[in-house]
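K.L.:
With the first letter of the sequence shown counted as 1, position 13 gets the number 13 in our numbering; the numbers rise by one all the way through. Even glycine gets a Cβ: it sits at the ideal position worked out from N, Cα and C.
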Amino acid sequence: MRNPALVAAIAVALLSSACSKDPKARLQGKWLGDNVTNVGEAQTAEVVAWAKGVTFEFSGTKMTVTIPNEQPRVGEFDIEDAKKDQVRIRVAREGGGTDSTTLVFAKDDHLRWDIGEGREVLLTRLP
1 MRNPALVAAI
11 AVALLSSACS
21 KDPKARLQGK
31 WLGDNVTNVG
41 EAQTAEVVAW
51 AKGVTFEFSG
61 TKMTVTIPNE
71 QPRVGEFDIE
81 DAKKDQVRIR
91 VAREGGGTDS
101 TTLVFAKDDH
111 LRWDIGEGRE
121 VLLTRLP
């Protein structure tokens with residue numbers, strides 16, 4: 001027979017450990033584009049191919065963004081805002097200024113990058 005108190009204690013421990021990671025810690029590692037949402041059928045193949053060439057790499061406070069046919073961009077990043085699984089980051093540009101973007105954790109190993117107009121690039125963390 002199950003002990004309800006023990007089951008509840010284990011559930012709370014698991015949930016609190018999963019939620020205890022700060023957003024910077026959750027972002028660490030390399031992420032590879034996998035797909036794009038909300039694009040027209042005529043553009044799907046081209047846009048998905050582009051998305052599969054996108055990488056984000058977070059190492060400490062440094063972010064490297066690789067976009068197909070462009071030089072990789074590297075900058076220091078910080079968290080502007082974090083609510084549950086949604087994180088708004090600010091990245092310093094090499095030449096000055098900053099860029100901000102919103103990322104949403106679909107799971108710990110999947111991100112959604114809001115690229116505007118209701119479109120998102122889906123990224124998967126590489127092992």
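1) Relative to the alpha-carbon of THR61, which residue among THR37, ASP22, LEU126 and ARG112 has its alpha-carbon at the smallest distance?
2) Would you kindly report the start and end of the unbroken alpha helix (DSSP H) that includes ARG26?
3) Taking 8 angstroms as the cut-off, decide whether the C-beta atoms of GLU80 and SER59 are in contact.
4) Throw me the rounded Cβ distance for the ILE67 and VAL54 pair, which I believe falls under 8 angstroms.
5) Does GLU120 come out as helix, strand or coil in the three-state DSSP assignment?
6) How many angstroms separate the CA atom of TRP113 from the CA atom of ASN38?
7) What residue does the beta strand (DSSP E) around THR87 start on, and which one ends it?
P.N.:
The answer reads as follows:
1) Locating residue 61 in the sequence shown gives position 61, where the first residue counts as 1. The option with the nearest alpha carbon to THR61 is ASP22.
2) Taking the first residue of the sequence shown as position 1, residue 26 is located at position 26. It spans 23–27 - the alpha helix (DSSP H) in which ARG26 sits, taken as one unbroken run.
3) Taking the first residue of the sequence shown as position 1, residue 80 is located at position 80. Taking the first residue of the sequence shown as position 1, residue 59 is located at position 59. Going by C-beta atoms, GLU80 is not nearer than 8 angstroms to SER59.
4) By 1-based counting over the sequence shown, the position of residue 67 is 67. By 1-based counting over the sequence shown, the position of residue 54 is 54. Separation of the CB atoms of ILE67 and VAL54 is rounded to 6 angstroms, and the pair is thereby assigned contact status at 8 angstroms.
5) Within the sequence shown, numbered from 1, the residue matching residue 120 stands at position 120. Reduced to three states, the DSSP call for GLU120 is strand.
6) Taking the first residue of the sequence shown as 1, we reach residue 113 at position 113. Taking the first residue of the sequence shown as 1, we reach residue 38 at position 38. One C-alpha to the other measures close to 13 angstroms.
7) Counting from 1 along the sequence shown, the entry for residue 87 is found at position 87. Correcting the residue identity first, residue 87 is Val in this sequence and not Thr. It spans 86–92 - the beta strand (DSSP E) in which VAL87 sits, taken as one unbroken run.
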